[in-house]
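These protein sequence lines are chains V and Y, in that order.
Counting along the first sequence from 1, when you hit position 99 you're at 104 in this note's numbering, and nothing is skipped either side.
Counting along the second sequence from 1, when you hit position 304 you're at 288 in this note's numbering, and nothing is skipped either side.
Take a look at the structure set out below.
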Amino acid sequence: MGKTAELLPGTLDMLILKAVSLKPLHGYGVLVRIRQISEDALEIPQGSLYPALYRLEHKDLIAAEWGQSENNRRAKYYTLTAAGRRRLRDETAGWNRLATAIAAALNTTSEEV
Amino acid sequence: MFKRLRSLFRVLTRRRDFEDRMSEELRFHVEQYTDELVRSGVTPEKATRQAQRDLGSLTNIKGDCREAFGLHLFDEFRRELSYAARLLRKTPGFTATALLTLAVCLGANLTIFAVIDSVLLRPLPFPEPGRLVTIFNTYPKAGVDRDGSSLTNYYERRGHISAFTSLSIYHYGTEIIGEPGSTEREQTMRVSPDFFATLELGPAIGRTFTEEETTSETDHVAILSDTSWRQRYNADPNVLGRQIRVNGVPRTVIGVLPPAFRFLSSDARLFLPLASRAEDRTPLQRHSGGNVIQMIARLQPDATLAQAQSEIDAQNTALEVDDPQAKMMADAGFRSLVVPLHADHVAAIRPTLLLLQAGAMALLLIGAVNLVNLLLVRASGRVKELAVRQALGASRGYVVSEVIVETTLLTLVGGLLGLAVGAGGIHLLRVLGADRLPLGGRIAFDARLALVALVAAIIMGIVFAVPIAWFNLRRHLGNALQSESRGGTSGRGAQILRHGFIVSQIALAFMLLAGAGLLGLSLERAMAVSPGFQSDHILTGHILLPWATYPSAARLAFVETLMDKTGHLPGVLSAGVVNNVPFSGISGKSAATVMGHVLHPGESARGHYSYGVAGDYFRAMGFSLRAGRFLTADDSRRSQRVCVVDEDFARYYWPHASAIGQRLWDGSEAGKDAEAFTVVGVVGGAKQAGLTEEEAQGAIYYPYVFRIGDSVFVAVRTSLPPESLGLTLQKVVRQIDADIPVNDLRSMETRIADSLVARRSPALLAGLFSGIALLLTAIGTYGVLSYAVAQRRREIGLRMALGAQPGQIRSQFLYLSLRLLAGGTILGIIGSWLTGQAMQAVLFHVPPLNLAILAGTMGVMGLVSLVACLLPSQRASRISPMEALAEE
C-alpha cells in the first residue's frame, strides 16, 4: 500500500467510503469514481484497492451485494453502511481540521511569529 | 464483534464460495479495464496485458484480501496441519506406536477417572448436597466402630439441634411386593416423615409421609420410585390411591418420586414409613442402634460440621446425667459422630481409587516420556531440513507453531482412540465389579469424560511440543548444518535429556510393578486366611419372612419344616439355618453379659456377633468343635437355655478355665438367673465381615427359638457341586409357601471370593497397568538405544576399522544400558518405598518394602531392559566398517 507518494497513508479508505457514499459501485467503478471526483489528480494503485475494499467490508463499514453491471455482467456492488457513514463523517471532519491546521501552519509568515 | 465473528464463520464454512467470488470480482475488474482501454484505442492484446500489469500479481492481491478478512491465520493453520499429517503418514511406524501408546495410556486414565468422577467427584443428586451429613454412634473400645443410630436418638435430636435445618432416619430393607401368586422381592427403604425434606427432594406426584403414619397401625401407605411407577403402573398419572400389597398387606400409594431421585447407592423401588412403637423410643433404647437405622441431617446454610458436632456432644452429655447405662457407654468410648454424607459413603473405597488413578497417571507419564523421546529422535533426524528452512527465513514462531500443530494433532487423534479404549475399560470395570462400588451405578461414559479427554489431549500436545521446540530452536544454524555434515554426534544436552527420560521411565515402571506386586501379595495373604470353617461344598441362600404373615411361632414352624425337607433331599449331607451367615455382607454386633465377669477399670463391655441357629448348622458349615457339643435341632424345641460360644469368646472371658458350664445373658445387662444361657460347647472362630477382619470379637450361637431375626439364611452341605442344588432348594421353599422366594443363592466359596473383590480387582488392574508400563519401557529403551547406535554408526565403523572387536562395541552399549537400568532401579526402589507407605491403608499384612517383591521387580525390570538393549547392541557390533564409513 501507499506505493504512490500522492496518496497519504490512511486516505485510501476515506476515499473509498466517499466514493461509495454517492451511489453503489463495483470495484472498478470505485477506481473510476475516485479518479473522476479528484479530477484525475489522484491515481489509486489498483493492487491495493481490493484488499482495502475487503478490509472495509470485514469491518462492516461497507456492505457488498451481487448485481448487474451496466453491460449486463454479474458484479459485486459496494454500498455504505450506517457505520461507514458515521466513519466517513468523522474522518472528513478530522481531515478538514488537519488540513486547515497544516495549511495555516504552512502559510505562516515571519511577521506573524 | 459478534457479527464479525459470524461473518468470519460464514466465510470459513463457505470457503470455496469466497474464493470463487473473489476471482470473479477480479476477473470483472480486468475485463472492465480492458474494455475501457480498447475503447480509448489500444489494441485488444495490448489492453489485456496492460490491464493485468496495472492490477499486479493476482496471487498477492488475493493473499492481501484474505488477510484483510482475517483468513490468513486459518490458511496457515491448515497448511501446517496438512504438513503435519503428511509427516505423520510418512512415518507409519512412529505414528502407530505413538497413537497406540496414547490410546492405552489415556484410555487407562479415562477409565479410572470415570470411576473417580462418579464415585468421588460428582455431587449427590440433591439440592446443596454439601450440607448433607450423617450421624452415627460409635463405641470404639467395645470393638463397635459403627452402630448407626437408634429411634431414641432420632426423637431426642430432631428439632433440638440448631445447626440442622432437618434431621431424619432411614433403614434399608427388602419386602415381598405384589398379589399372591405373582410376588417379587424388592429393595425398599423405610424412612421417617422428614426424610424427603432433609434431602430437599420429594415426590413429583402426591405427598410425603406424615407424623401420624409412623405407627404399625397407621403406616399403610407407600411412595413409589419413578422406575417402579413406570414398570408396575405404566406411568399412570392417577396412581395415587391405588393399593399395593407389601408383605401381603395392602398399602395405599400416596406419592411418586421424580426420576432423578436416587439415595446414595440404594436401588429402593418402594418407600415406606419407618414405623415404631412408643417403647422403642424410650431412653432405655438409646443405644440399641445395631447399625440398622441410619441418621441423616441437613446443616443450616451458615452452620459448620464442628458446630453440629459440638451440639450433638453437648446433648449426649446432658442426656447421660440420668442414663443408667452412661458409665458403661463412656467406658466403651461412646460418641455420636457427624460426618459429611457423601464422603462417608465412599470413604472405604477412596484410597483404592486414588491409588489406581495414581497408577494410571504413572502409566501416562511413562507413555508421555516415551513419546517425547521418540519425538526427540525424530526431530534429530530432521535437524538439517529445519536448519535449511530456518536459513531460508522460517521464523522462530513458525517453527514453534509447526511443532505444536504436529504434537497436538497426534495427541488429539490419540485422545480419540483413548476414548474408545476408555469405553472398553469401563465395560471391563463393570465385569470386575465396579457397579457394586458405592455410587458405582453412576459410572458412565459421558460428555464430561469426552471433554476431559479433549482437554487432556490438548494439554499433552502443548506439553510435548515444549522440549521438541526447544530442541529445534536451541541449535545455531551453521552449527547444525555442520554437525549433520559430519555424520552427527548430537548435542550433549539432548542426549542427557533422553537418558534422563529412560531412567525416570524405568523408575516409574519399577514403582508400578512393585506396587502391583504388593497388591497381589496382599490379596494372596488375604486369601490364605482361613474363614474358620470348611467353606467348600456349602450352598447358602437368604429367605426373608414377613412379620405380618410369619410371627414368631410361624417362623419357628417354617424353619422346622424347611430343615425337615432339605435334610432329606438327595445329595444333602446336613442343613442348618442361621439369622446371619458369614460373608452375607451384613454385620452387626450386640452385647452379652457374662455371669461373674467384673469389668476392670478401663475395660468396656464388648460387642459380639450373636446368632440364632437351627437345624444342623455347625455340621453344615463345617465348624470345628473345640469342647463340649454343637447345638442340635432339639435345642430349639427344648426350653433349656443353652448356647455355644467360639474360642475367641471363651479365651477372652475364661482364659484359665473351661468355658463349658459358664453362664451369660443376651444383652448389656445381667438378668434373672433363669434367663441366663449355659455354655454347652466351644467352636472355632469364624470370620463374619470378611477374611481381612482383624479383631476377633468373639461370637455367641443361641438356639433359634431364643434369637429369631428378620432374615433366615439357610446353609446346606452337599456332596454335589453346591450351585447345582439351587433350583431344588428354591422348589422346596416354594412348596412350603409359594410367595416366599430364596434370594442371594451362592456357594460359600463364591461368597468368600466376592468379599475379596475390593482387593482382587485393584490388584488385577494394577497388574494390567504394570504390564503395559513394562512394554512401554521396553519400547522406549529400545528406541533410544537404537537411535544412539544409528547415530554413532560412523564412529563405530571407524573404531572397528582401527581394530575394535565386535564384543567391545557390544559391551559398550550394554554398559550404557546397565547404567541407565541401575539409575532407574535406585530411583525405583526409593519410589516403591514411598508408594508402599502411601498404600498401607489398602494393604493386608504386607510391609511397604517387601524384599521378595523388590527382588522380583528388579529381576523382571532387568530382564526386560536387557532384552530391549540387546538388539541394538547386537546391531552395533555387526556394523560393517566399510559401509559405515562409505555413507554420506
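Glycine included, each C-beta is placed from N, C-alpha and C at the ideal position.
Considering just the uninterrupted stretch of the beta strand (DSSP E) at residue i, what are its terminal residues?
i: Glu70/V; result: 67 to 73
i: Gln284/Y; result: Unbroken run through Gln284/Y: none, as it is neither H nor E.
i: Gln171/Y; result: 168 to 175
i: Gln34/Y; result: Here Gln34/Y belongs to no beta strand (DSSP E); instead the alpha helix (DSSP H) covers 28 to 39.
i: Phe697/Y; result: 695 to 702
i: Leu557/Y; result: 556 to 562
i: Pro257/Y; result: 254 to 257
i: Gln227/Y; result: 227 to 230
i: Arg78/V; result: Where Arg78/V is concerned, there is no enclosing beta strand (DSSP E), given that its DSSP letter is neither H nor E.
What are the boundary residues of the alpha helix (DSSP H) that residue i is part of?
i: Arg603/Y; result: 601 to 605
i: Pro242/Y; result: Taken as a continuous stretch (DSSP letters only), Pro242/Y belongs to no alpha helix (DSSP H), as it is neither H nor E.
i: Val916/Y; result: Because chain Y in this structure spans residues -15 to 872, residue 916/Y falls outside the shown range and cannot be described.
i: Glu867/Y; result: 865 to 870
i: Leu93/V; result: 87 to 112
i: Gly882/Y; result: In the structure as shown, chain Y begins at -15 and stops at 872. Residue 882/Y is therefore absent and cannot be evaluated.
i: Glu574/Y; result: The sequence as given places Ser at residue 574/Y; Glu does not occur at that position. Taken as a continuous stretch (DSSP letters only), Ser574/Y belongs to no alpha helix (DSSP H), being part of the beta strand (DSSP E) at 574 to 578.
i: Leu36/V; result: 32 to 42
Using only alpha-carbon positions, find the residue among the options that is nearest to residue i.
i: Tyr766/Y; options: Lys715/Y, Asn354/Y, Pro242/Y, Leu786/Y; result: Asn354/Y
i: Ile207/Y; options: Pro111/Y, Asp220/Y, Leu241/Y; result: Leu241/Y
i: Ala331/Y; options: Thr118/Y, Ala147/Y, Phe429/Y; result: Thr118/Y
i: Gly399/Y; options: Ile442/Y, Val361/Y, Phe429/Y, Leu338/Y; result: Ile442/Y
i: Thr288/Y; options: Phe180/Y, Leu256/Y, Gly114/Y; result: Gly114/Y
i: Ile720/Y; options: Val768/Y, Ile527/Y, Ser588/Y, Glu159/Y; result: Ile527/Y
i: Phe542/Y; options: Val716/Y, Leu254/Y, Val237/Y; result: Val716/Y
i: Leu360/Y; options: Arg803/Y, Gly787/Y, Phe485/Y, His271/Y; result: Phe485/Y
i: Ala658/Y; options: Gly665/Y, Val698/Y, Leu648/Y; result: Leu648/Y
i: Arg5/Y; options: Asn44/Y, Gly425/Y, Val22/Y, Arg50/Y; result: Arg50/Y
i: Ser879/Y; options: Leu94/Y, Glu197/Y, Phe97/Y; result: Residue 879/Y is absent from the structure shown; chain Y starts at -15 and stops at 872.
i: Gly516/Y; options: Gly606/Y, Ala660/Y, Thr(-3)/Y; result: Gly606/Y
Residue j and residue i - do their beta-carbons sit closer together than 9 Å?
i: Glu386/Y; j: Tyr799/Y; result: no
i: Asp600/Y; j: Met547/Y; result: yes
i: Arg701/Y; j: Ser558/Y; result: yes
i: Asn275/Y; j: Ser571/Y; result: yes
i: Ala750/Y; j: Gly504/Y; result: yes
i: Gly655/Y; j: Thr577/Y; result: yes
i: Ala757/Y; j: Ala346/Y; result: yes
i: Ala532/Y; j: Val233/Y; result: yes
i: Gly596/Y; j: Lys573/Y; result: no
i: Val513/Y; j: Ser608/Y; result: no
i: Pro257/Y; j: Asp203/Y; result: yes
i: Arg373/Y; j: Val383/Y; result: yes
i: Thr819/Y; j: Gly402/Y; result: no
i: Ile228/Y; j: Gly190/Y; result: no
i: Gly755/Y; j: Gln489/Y; result: no
i: Ile684/Y; j: Val664/Y; result: no
i: Leu54/V; j: Val35/V; result: yes
i: Tyr33/V; j: Phe2/Y; result: no
i: Ala252/Y; j: Gln171/Y; result: yes
i: Gly408/Y; j: Gln278/Y; result: no
Is residue i a contact residue of the ligand GDP, with contact defined as CB to any heavy atom under 8 Å?
i: Ser536/Y; result: The ligand GDP is not part of this structure, which contains no ligands at all.
Length at least 3, wholly inside the stretch 351 to 380 of chain Y: the beta strand (DSSP E) runs in chain order = Counting whole runs of 3 or more residues, the stretch 351 to 380 of chain Y contains no beta strand (DSSP E) stretch at all.
When Cβ atoms are compared, which residues of the stretch 167 to 198 of chain Y fall closer than 8 Å to chain V?
-> Flagged: no residues at all.
Complete beta strand (DSSP E) runs within the stretch 633 to 658 of chain Y (minimum length 3 residues, chain order) | As far as the stretch 633 to 658 of chain Y is concerned, its whole beta strand (DSSP E) runs of at least 3 residues are 647 to 650.
Residues of the stretch 45 to 56 of chain V whose Cβ lies closer than 7 Å to any Cβ of chain Y, in chain order | Correct list: Gln51, Gly52, Tyr55, Pro56.
Alpha helix (DSSP H) runs contained entirely in the stretch 80 to 160 of chain Y, provided each spans 4 or more residues | Those alpha helix (DSSP H) runs which fall completely within the stretch 80 to 160 of chain Y and span 4+ residues are 135 to 141.
Output the residue ranges of the alpha helix (DSSP H) runs that lie fully inside the stretch 465 to 529 of chain Y and measure 4 residues or longer, sorted by chain position.
-> For the stretch 465 to 529 of chain Y, the continuous alpha helix (DSSP H) assignments of 4+ residues that do not extend past its boundaries occur at 476 to 512, in sequence order.
Output the residue ranges of the alpha helix (DSSP H) runs that lie fully inside the stretch 763 to 792 of chain Y and measure 4 residues or longer, sorted by chain position.
-> Fully enclosed alpha helix (DSSP H) runs of 4 or longer: 777 to 785.
Could you please tell me which residues of the stretch 103 to 115 of chain V, in chain order, have their CB closer than 9 Å to any CB of chain Y?
-> If the cut-off is 9 Å between Cβ atoms, the stretch 103 to 115 of chain V has nothing near chain Y.
Complete runs of the beta strand (DSSP E) confined to the stretch 260 to 342 of chain Y [at least 3 residues] | Look at the stretch 260 to 342 of chain Y and you find these whole runs of beta strand (DSSP E), each 3 residues long or longer: 278 to 283, 319 to 324.
Taking any Cβ of chain V, which residues in the stretch 49 to 66 of chain Y have a Cβ under 9 Å from it, in chain order?
-> Residues Cys49, Arg50, Glu51, Ala52, Phe53, Gly54.
Near-chain Y residues of the stretch 71 to 90 of chain V (beta-carbon distance less than 9 Å), N- to C-terminal order = Residues of the stretch 71 to 90 of chain V whose Cβ lies closer than 9 Å to any Cβ of chain Y, in chain order: Trp71, Ser74, Asn76, Arg78, Arg79, Ala80, Lys81.
Chain Y contacts from the stretch 58 to 69 of chain V (Cβ-Cβ distance under 7 Å) | Those would be Tyr59, Arg60, His63, Asp65, in chain order.
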